[in-house]
Each structure stands twice: as structure tokens, then as C-alpha cells.
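**Student:**
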Amino acid sequence: MKGVLLWYCSWVWLTMEGGKVMGATESSGERKLDQTPTWAVAGVCAVIIIISIVLETVLNKLGTWFTERHKSALFEALDKVKAELMVLGFISLLLTFGQSYIARICIPIDVANTMLPCKSDSEKDTSESSEEEHRRRLLWFDRRSLSTISTAPKCKEGHEPLISVEGLHELHILIFFLAVFHVLYSFVTMMLGRLKIRGWKVWEQETLSHDYEFSNDPSRFRLTHETSFVKAHTSFWTRIPFFFYIGCFFRQFFRSVGRVDYLTLRNGFINVHLAPGSKFNFQKYIKRSLEDDFKIVVGVSPVLWASFVVYLLLNVRGWHALFWASLVPVIIILAVGTKLQAILTKMALEITERHAVVQGMPLVQASDQYFWFGRPQLVLHLIHFALFQNAFQITYFLWIWYAFGIKSCFHADFTLAIIKVSLGVGVLCLCSYITLPLYALVTQVPFSVPEIFK
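Mature numbering (1 follows the signal peptide of the UniProt record, and there is no 0) puts the sequence shown at residues -23 to -1, 1 to 431.
(1) Whose CA, out of N248, Q366, G20 and S77, lies closest to the CA of I308?
(2) In whole angstroms, give me the CA-to-CA distance for E330 and F230.
(3) Could you tell me the distance, in whole angstroms, from the CA atom of K9 to the CA atom of L148?
(4) Going by other Cβ atoms of all chains shown within 10 Å of its Cβ, with 16 needed for buried, is P14 buried or exposed?
(5) Confirm, please, whether the CB-CB distance from T372 to F154 is below 8 angstroms.
(6) Taking Cβ positions, are V58 and V275 nearer each other than 8 angstroms?
(7) Comparing the C-beta of V58 with each C-beta of chain D, is any distance below 8 angstroms?
(8) Taking E137 and I84 to be in contact with their CB atoms under 8 angstroms, please state how far apart those CB atoms are, rounded to whole angstroms.
(9) Would you tell me roughly how many angstroms separate the C-alpha atoms of A19 and A156, rounded to the nearest one?
(10) Rounded to the nearest angstrom, how far is the Cβ of S303 from that of L400, given a contact under 8 angstroms?
(11) Here's the rule: buried if 16 or more other CB atoms are within 10 angstroms of the residue's CB, otherwise exposed. What is P414?
(12) Is it true that the CB of V356 sits closer than 8 angstroms to the CB of F362?
(13) Under a three-way DSSP split, which group does Y138 fall into?
(14) If you follow the beta strand (DSSP E) that C83 is part of, which residue opens it and which one closes it?
(15) What is the rounded straight-line gap between the Cα of I411 and the Cα of D270?
(16) Roughly how far, in whole angstroms, is the beta-carbon of S409 from the beta-carbon of G170, given that I think they are within contact range, below 8 angstroms?
(17) Which value, in whole angstroms, describes the spacing of the CA atoms of L326 and P339?
(18) Below 8 angstroms on the Cβ atoms is my guess for L93 versus R294; work out the distance and round it to an integer in Å.
(19) I'd like the list of long-range same chain contacts for G135, defined as Cβ closer than 8 angstroms, with 5 residues on each side in sequence excluded.
(20) If you draw a straight line from the C-alpha of E45 to the C-alpha of L39, how long is it?
(21) Find out if the Cβ-Cβ distance for the pair L242, Q421 is shorter than 8 angstroms.
(22) What does the alpha-carbon distance come out to for the pair F374 and Y162?
(23) Can you tell which of P218, M168, V207 and N244 has its C-alpha closest to the C-alpha of Y189?
(24) For V(-12), which residues from the same chain have a beta carbon less than 7 angstroms from its beta carbon, with the 5 sequence-adjacent residues on both sides left out?
(25) Quick check on the burial criterion: 16 or more other C-beta atoms within 10 angstroms. Buried or exposed for I174?
(26) Taking all protein chains shown into account, decide if P279 is buried (16 or more other Cβ within 10 angstroms of its Cβ) or exposed.
(27) Alpha carbon to alpha carbon, how far is K178 from D56?
(28) Which value, in whole angstroms, describes the spacing of the CA atoms of L418 and K316?
(29) Look at I310 and L407 and say whether their C-beta atoms are less than 8 angstroms apart.
(30) Three-state secondary structure (DSSP) at P339?
(31) Out of R232, I68, E33 and T184, which one is the CA nearest neighbour of F259?
(32) DSSP three-state label for G(-1), please.
(33) To the nearest angstrom, how far is the alpha carbon of A50 from that of M167?
(34) Over the uninterrupted alpha helix (DSSP H) stretch that includes Q182, give me the two end residues.
(35) Please report the Cβ distance between F369 and I377, rounded to the nearest whole angstrom; I am assuming they are in contact, meaning their Cβ atoms lie under 8 angstroms.
(36) Smallest Cα separation from Y262: which of W282, F246 and G314?
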């Protein structure tokens, strides 16, 4: 918890330090800190401390609420969020204390003009309106950069700083955006998933009715191909591999989880792990399973940090690397959704192959072999990777908009930028509302003992 407070304090301290250094410029006419009224310094510090303590208290209360309600998975997810904020806080501090050393690193101009995200100053004719928009943004920041050009170390002729002090300041803002939007993105992901599963509560309550017990009487015999689950997932096209996957691809958009799917998988789960006919709240269990999955999805591993650095490296003018990268989460989520729908269809096909007649509701028998390489966790890691990349794409767009303007050189092709953001929002909704809940449901059927029973 203290790491979160450290992060916020370090960020605000950085902006104040930038303002202090700016004040050291004689031509600016601004006062240095030793000429600033003590009431102003104390007042600003008091506001910063109060905001930080309030944020810390809110997170602490949220963790206590999770503990009291025995939501250990969400508590661990909250710890991961705080850990990521602390990592970003350390990055912030390293930028603060290392900015003078970074600014002293000089490189040849011809090297500095390679792999630029925008045209170099010698190539472009910047419009007056664009300059005014950027200037107003910088003035809104009160020019709180890490240092000033007048006080920055000078490079010898033919050389330029590795990163200018203004560039370091803008990079610091990107770190701030990553922290804020990582938390918001995680919150939206969890809320959409829970909203989807909440809709299954009606089906769970239906299992308590006499009509449900009568219609699924174990003593009743039915032809397998006439059961609702088999009819919903099998037809002439399921026997043809090409049409099989085409049908599964489109099914995820229009009928990801139906009433029959939920009730059939619920019946299979109870028959494997509990006594037949047990009164078990399967919907609540799936909700807890989603929380366990969210605990994994919310973290940021070194591999994901490495991908973040790679995307920054490849963001070269004309390459459109970030646009092509924005397609990766789309492809992953669509492939995962198709795979999960294919698993449901294969369950239905196996029922028809095993039995011509069934008693009561058909009993599904799933296996880890349905998943890629026999590893259900691989699917979750793919979802994790896609969500992180998607969150980065949205954050990067908002950062560019905030720091440079909506139609800056970073968005030279504005149409591609809009398409990229639209894909990002679509992936967020599709994955959070459809793919993650479906994964939480399908992975409960295999014979491995669920965590709740260990």
C-alpha cells in the first residue's frame, strides 16, 4: 500500500521539481523555491499529502472489503494493481534522478535523425495552428519539465542529446497515463465480465423450480440428437472442418453462452464433482472463477513490459507499426473465442458419438485435450497478452491526444488512428463481456478438482 502512496508523491514531487528548475532561469523572471512564500509551499504539500492519503485509504478500505467478503482472488488482484503502480513509481523516480545524466548523453545528429516517429524539424513545415495548440498545452503544464533548455547540458557541434529534457517530461506523462488507465481498464474489464455472469442468475434460479426437475428427470429416455444442447451445436456443417470453424467464429458474436449451454455444463460439473441432484449455486461459483482468472489477467509480467518497449521502438514514421500491432489483440481474442465455441460443439458431437439415447440431460465430458497443447491456462495467458496490448494502444492514443493534440504528427493518418481506437474498444467489450465469461464457464467442466474444493 505504501508503494501506491510513494508513486503519487513521486509524480507530484517531479512536477514541483520541474517547476523549481524552471524558476532558476533568469530570463523567465520566476521565483526560485527559496524565494517562494512558505505558506504556498506548505499549502501545496498539504494538498498533495491529503490526496495521497485519501487514495491510500480508499485502496485499503477496498482490500478490507474484499477480505471481509472472502474475495481472496480480488484481493490478490488489488495487490497486483498496487504492485504495478509501485513499479511505475520506481520508473518515475529513476527518470527524476537520472534526467540530468540522460540529458548529458550526446549522439551524432545523423544517428539522432534515424527511426523518428515524426518528420525531423529540418523536413517539416509546422503549421502555426499546430504550434499554438502545442504551446497552449505546455503552458497548461506551467512548463513543468524536468529541466530547461537554457540549463540543460550542451552537446558539441554535430551532436544532440539522446533525449531532450522536454522529451523526458513527455515520457514521464506517458508513465502517468499508463498507471491511471491500467487501473481503469482493469476495472472496466472486471465489471463487464461480472455483468455478463449476473445475467446467468435467472438460469440458476430456474434449476430450483419443479418444471426444471420434471423436464430433466434422470429416468426419462430421449434420443441424443433431440436434446436441446445437441440440436443447438450440431448440424450438417459441423461435420465439415472448414464450415465447423466458420460457424464457431460467428457464434461467439450472436450466441456465446445460451441457456441450454449453461444448464448442460452445470449438470456436467455437478455430476463430476458433486452428488447428482445437489443444490449447488453454479452461477456464484462461475463468478468466483472469473475473479480467479482476473487475478492473472490484471498483472503485468516482464514479457509484457518487453512488448511495450518493442512497440515504442518500432513506432517509426511510415511503418504504421502500432496500427499493425493493434490487430494482434483482435486476432487473438477472435481466435480464442472461436476455440471456446469449438470446444462446446465438440462436446455435443462426442455425446452423439457415445450414445444414441440418453437419460435426462446429456452428460458432457470435457478434457484438457480440447485446448491448445492440452493447456487451458495457455488460453488465459493469450487473453492476458491481448488485453495488455489493447490497453496500451488505447493509453498511447490518449497520451498523444493529451500531450501533442488529436491531429499531431503521430496521427499523420488520422483514419488509421480512429480505426485503431475503435478496434481497441471493440476488443475490450468482446473480451470482457463474452470471451472471459465463456472461458470461466468452459474450463469448469474438466475432471481436475476445482480450487474451491481444495
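C-beta: ideal position from N, C-alpha, C; glycine also. Remember, it's a predicted structure, so these values are computed and weren't measured experimentally.
**Tutor:** The short version:
(1) Taking the sequence shown and counting its residues from 1, one reaches residue 308 at position 331. The shortest Cα separation from I308 among N248, Q366, G20 and S77 belongs to Q366.
(2) To locate residue 330, count along the sequence shown from 1; it is residue 353. To locate residue 230, count along the sequence shown from 1; it is residue 253. Cα to Cα, E330 sits roughly 28 angstroms from F230.
(3) In the sequence shown, the residue the question calls residue 9 occupies position 32. In the sequence shown, the residue the question calls residue 148 occupies position 171. Answer to the nearest angstrom: the Cα atoms are 25 angstroms apart.
(4) Along the sequence shown, one-based indexing puts residue 14 at 37. It is exposed - the Cβ of P14 has fewer than 16 other Cβ atoms within 10 Å.
(5) The residue you call residue 154 lines up with position 177 of the sequence shown. The residue you call residue 372 lines up with position 395 of the sequence shown. Contact flag set, yes.
(6) Here residue 58 refers to the residue found at position 81 when the sequence shown is read from its first residue. Here residue 275 refers to the residue found at position 298 when the sequence shown is read from its first residue. Yes, they are a contact pair.
(7) Absent from the structure is chain D; it holds one protein chain and no more.
(8) For the purposes of this step, residue 137 is taken as the residue at position 160 of the sequence shown. For the purposes of this step, residue 84 is taken as the residue at position 107 of the sequence shown. 6 angstroms between Cβ atoms; contact.
(9) By one-based count along the sequence shown, residue 19 stands at place 42. By one-based count along the sequence shown, residue 156 stands at place 179. So the two alpha carbons sit approximately 27 angstroms from each other.
(10) Locating residue 303 in the sequence shown gives position 326, where the first residue counts as 1. Locating residue 400 in the sequence shown gives position 423, where the first residue counts as 1. S303 to L400, Cβ: 5 angstroms. Contact.
(11) As a position in the sequence shown, residue 414 is number 437, starting the count at 1. Its Cβ being crowded by 16 or more others within 10 Å, P414 is buried.
(12) On the sequence shown, position 385 is the one that residue 362 refers to. On the sequence shown, position 379 is the one that residue 356 refers to. Not in contact: F362 and V356 (Cβ atoms no closer than 8 angstroms).
(13) Taking the sequence shown and counting its residues from 1, one reaches residue 138 at position 161. The residue asked about is misnamed: residue 138 is Pro in this sequence, not Tyr. If DSSP states are grouped into helix, strand and coil, P138 belongs with the strands.
(14) Within the sequence shown, the letter at position 106 stands for residue 83. C83 to P85 is the extent of the beta strand (DSSP E) around C83.
(15) For this step, residue 411 is matched to residue 434 along the sequence shown. For this step, residue 270 is matched to residue 293 along the sequence shown. Distance between the alpha carbons of I411 and D270: 14 angstroms.
(16) Position 432 of the sequence shown, counted from the first residue, corresponds to residue 409. Position 193 of the sequence shown, counted from the first residue, corresponds to residue 170. Contact holds; Cβ gap of about 5 angstroms.
(17) Translated into the one-based positions of the sequence shown, residue 326 becomes position 349. Translated into the one-based positions of the sequence shown, residue 339 becomes position 362. One C-alpha to the other measures close to 12 angstroms.
(18) Taking the first residue of the sequence shown as position 1, residue 93 is located at position 116. Taking the first residue of the sequence shown as position 1, residue 294 is located at position 317. Confirmed, Cβ separation roughly 6 angstroms.
(19) If you number the sequence shown from 1, residue 135 lands on position 158. These residues qualify, in order along the chain: P85 and I86.
(20) Working through the sequence shown from its first residue, we reach residue 45 at position 68. Working through the sequence shown from its first residue, we reach residue 39 at position 62. Rounded to whole angstroms, E45 to L39 spans 10 angstroms at the Cα level.
(21) To locate residue 242, count along the sequence shown from 1; it is residue 265. To locate residue 421, count along the sequence shown from 1; it is residue 444. Yes, the Cβ-Cβ distance between L242 and Q421 is below 8 angstroms.
(22) On the sequence shown, position 397 is the one that residue 374 refers to. On the sequence shown, position 185 is the one that residue 162 refers to. Distance between the alpha carbons of F374 and Y162 is about 14 angstroms.
(23) Along the sequence shown, read from residue 1 onward, the residue named residue 189 stands at position 212. Y189 has its Cα closest to that of N244, out of P218, M168, V207 and N244.
(24) Along the sequence shown, read from residue 1 onward, the residue named residue -12 stands at position 12. With a pLDDT of 47 at V(-12), under the threshold of 50, the predicted position of this residue should be treated as unreliable, and no value is reported.
(25) Numbered from 1 along the sequence shown, position 197 holds the residue referred to as residue 174. By the neighbour-count rule (16 or more Cβ atoms within 10 Å), I174 is buried.
(26) For the purposes of this step, residue 279 is taken as the residue at position 302 of the sequence shown. By the neighbour-count rule (16 or more Cβ atoms within 10 Å), P279 is not buried but exposed.
(27) One-based indexing of the sequence shown puts residue 178 at position 201. One-based indexing of the sequence shown puts residue 56 at position 79. Those two C-alpha atoms are separated by around 29 angstroms.
(28) On the sequence shown, residue 418 is found 441 positions in, with the first residue counted as 1. On the sequence shown, residue 316 is found 339 positions in, with the first residue counted as 1. So the two alpha carbons sit approximately 14 angstroms from each other.
(29) For the purposes of this step, residue 310 is identified with residue 333 of the sequence shown, where counting begins at 1. For the purposes of this step, residue 407 is identified with residue 430 of the sequence shown, where counting begins at 1. Yes, these two residues count as a Cβ contact at 8 angstroms.
(30) As a first step, residue 339 must be located in the sequence shown, where it is residue number 362. Of the three classes helix, strand and coil, the one that applies to P339 here is coil, per DSSP.
(31) Stepping through the sequence shown from its first residue, residue 259 is reached at position 282. The residue with the shortest Cα to Cα distance from F259 is T184.
(32) For the purposes of this step, residue -1 is taken as residue 23 along the sequence shown, with counting starting at 1. For G(-1), the pLDDT reaches just 39, beneath the cut-off of 50, and the residue's location in the model is therefore unreliable, although a value from the coordinates is still provided. Three-state DSSP puts G(-1) in a helix.
(33) By 1-based counting over the sequence shown, the position of residue 50 is 73. By 1-based counting over the sequence shown, the position of residue 167 is 190. Approximately 12 angstroms, taken between the alpha carbons.
(34) In the sequence shown, residue 182 corresponds to position 205, counting from 1. Element bounds for Q182: K178 to E183.
(35) Taking the first residue of the sequence shown as position 1, residue 369 is located at position 392. Taking the first residue of the sequence shown as position 1, residue 377 is located at position 400. No, F369 and I377 are not in contact; Cβ-Cβ is about 12 angstroms, not under 8 angstroms.
(36) Taking the first residue of the sequence shown as position 1, residue 262 is located at position 285. Checked all of W282, F246 and G314; the closest Cα to Y262 is F246.
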